[in-house]
Amino acid sequence: MLSTFTPASPLLLVGYGNMGRAMVDGWLRAGLDAAALHVIDPVFAPAPAGELVAHTYAAASEVPEITPRALMVAVKPQAMEHVLPGLARFVGDETLVLSIAAGVKISTFAEALRDDCAIVRTMPNTPAAIGEGVSGLCASAGVTDEDKALAEALMTAAGKTVWVADEGLMNSVTAVSGSGPAYVFHFVEALAAAAEREGFDAETAMTLARQTVIGAAALMKEQADVPAATLRERVTSPGGTTAAALGVLMPEAGLTGLLTRAVAAARKRGEELGG
Numbered sequence: 000m001l002s003t004f005t006p007a008s009p010l011l012l013v014g015y016g017n018m019g020r021a022m023v024d025g026w027l028r029a030g031l032d033a034a035a036l037h038v039i040d041p042v043f044a045p046a047p048a049g050e051l052v053a054h055t056y057a058a059a060s061e062v063p064e065i066t067p068r069a070l071m072v073a074v075k076p077q078a079m080e081h082v083l084p085g086l087a088r089f090v091g092d093e094t095l096v097l098s099i100a101a102g103v104k105i106s107t108f109a110e111a112l113r114d115d116c117a118i119v120r121t122m123p124n125t126p127a128a129i130g131e132g133v134s135g136l137c138a139s140a141g142v143t144d145e146d147k148a149l150a151e152a153l154m155t156a157a158g159k160t161v162w163v164a165d166e167g168l169m170n171s172v173t174a175v176s177g178s179g180p181a182y183v184f185h186f187v188e189a190l191a192a193a194a195e196r197e198g199f200d201a202e203t204a205m206t207l208a209r210q211t212v213i214g215a216a217a218l219m220k221e222q223a224d225v226p227a228a229t230l231r232e233r234v235t236s237p238g239g240t241t242a243a244a245l246g247v248l249m250p251e252a253g254l255t256g257l258l259t260r261a262v263a264a265a266r267k268r269g270e271e272l273g274g
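Numbering-wise (numbering that gives the first Met the number 0), the sequence shown opens with residue 0 and increments by one.
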C-alpha cells in the first residue's frame, strides 16, 4: 500500500520530532518513494529531514498546493490548536487524516479540518524507528476499508498494529504501549542501580541489566506463542533465587500494583491533555 503514494498523490507529515522521525525511518525502510513524502516542521526543516526527503518546510504556509492521499499529524497535543487550522487546505475528498497525539480526540480534528473527513487516531511508540513498535488505531465513522488498509500499511511499517473500536480506550493504549518503552528503560536503570549496590561498577552493572532485558525481549519474540507467565515459570525453580526475588516483586503491592498505578496516571494525563 505504500506504493499508493506518488508525487501526484503524496504523503504529508506534520511534525518531525522523535515519533515523526521514527515513522519516516520505517516508511523509507519499507520502500516509500522519498519523492512522495512532504514534511513540515519548524525545527528540522530543511535538515535533517532534508537528508531523507526532498520536500521539507518550516511551516504549512510554505507548502505548495497539494492534496495528499494521507496527512499524518505528529505534533505535541499542546500545539494542536495552533497547527490544525493551517492544515485544512490540504484535506481533499480522498485524504485520510491520521493523528499521533496523546489525548486529542477525533472530534477535535473533524472540527478543525472538515466534518466529513476520514480520520484515524493512532498511537505508536518509539521502537517504531527500528520496525519493532506497536500502534493502536481507532477509526472515525467516515473511514472506508481502503482507508483502514492504508492506515495499517503506514503503521505496520513501524511494527505491529491493534485496532481499537472504542476511542475511549486510546488513552489507555497511550498509557500502556505509547509510554511503555520509558517504563522498560527505567526498569533497566533500576536493575543496574541494584547491581551497583551489590558491588559492581557502573559499566558492568548496566551491561548486566541492559542485556538481560534485551535477551528476555528477544526470547519473547522468538517464542511468541508462549505466554509471558510460562516463560517466567521456566526461569523460576521452586525455592530458588528467582523465586525469592519474585516474592518481592509479585505481591499486590509489588511490580503489578506499581505498574497498574503508573498506567492509570498516564491514562489520566492523556484525558487531561484531550480536555
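Ideal Cβ positions, reconstructed from N, Cα and C, are used throughout, including at glycine.
Pair within 9 Å by beta-carbon distance, residue i and residue j
{"i": "G25", "j": "A157", "result": "yes"}
{"i": "P63", "j": "A34", "result": "no"}
{"i": "D40", "j": "V13", "result": "yes"}
{"i": "L136", "j": "V161", "result": "yes"}
{"i": "A109", "j": "P76", "result": "no"}
{"i": "M154", "j": "G269", "result": "no"}
{"i": "T66", "j": "H37", "result": "no"}
{"i": "N124", "j": "S60", "result": "no"}
{"i": "A164", "j": "S139", "result": "no"}
Neighbour-count burial assignment, residue i, 16 or more Cβ in a 10 Å radius
{"i": "S171", "result": "buried"}
{"i": "K220", "result": "exposed"}
{"i": "T143", "result": "exposed"}
{"i": "N17", "result": "exposed"}
{"i": "I105", "result": "buried"}
{"i": "T255", "result": "exposed"}
{"i": "S134", "result": "buried"}
{"i": "P250", "result": "exposed"}
{"i": "L129", "result": "Leu is not the amino acid found at residue 129; the sequence shown has Ile there. When all chains shown are included, I129 counts as exposed."}
{"i": "A48", "result": "The pLDDT assigned to A48 is 49, lower than 50, so where the model puts this residue is not dependable; a value taken from the coordinates is nonetheless given after this. It counts as buried."}
{"i": "A201", "result": "exposed"}
{"i": "R68", "result": "buried"}
{"i": "R260", "result": "exposed"}
{"i": "P226", "result": "exposed"}
{"i": "R28", "result": "exposed"}
{"i": "D146", "result": "buried"}
{"i": "G253", "result": "exposed"}
Contacts around residue i, its chain only, beta-carbon distance under 8 Å, and the 5 residues preceding and following it disregarded
{"i": "V212", "result": "V183, F186, V187, L190"}
{"i": "P84", "result": "A111"}
{"i": "G30", "result": "L1, S2"}
Sequence-distant residues of the same chain with beta carbon closer than 6 Å to residue i, five excluded per side
{"i": "G273", "result": "G102, V103, K104"}
{"i": "V72", "result": "V13, S98"}
7 Å CB neighbourhood of residue i in its chain, flanking five on each side removed
{"i": "A204", "result": "A191, A194, E195"}
Entirely enclosed alpha helix (DSSP H) segments - the stretch 38-104, minimum 4 residues: 48-51, 79-82
Uninterrupted alpha helix (DSSP H) stretches inside the stretch 223-273 (no shorter than 4 residues): 227-234, 240-248, 254-272
Three-pair Cβ contact test at 8 Å for the stretch 226-244 versus the stretch 72-91: no
Length-filtered (4 minimum) alpha helix (DSSP H) runs lying within the stretch 200-225: Here the runs fully enclosed are 201-221.
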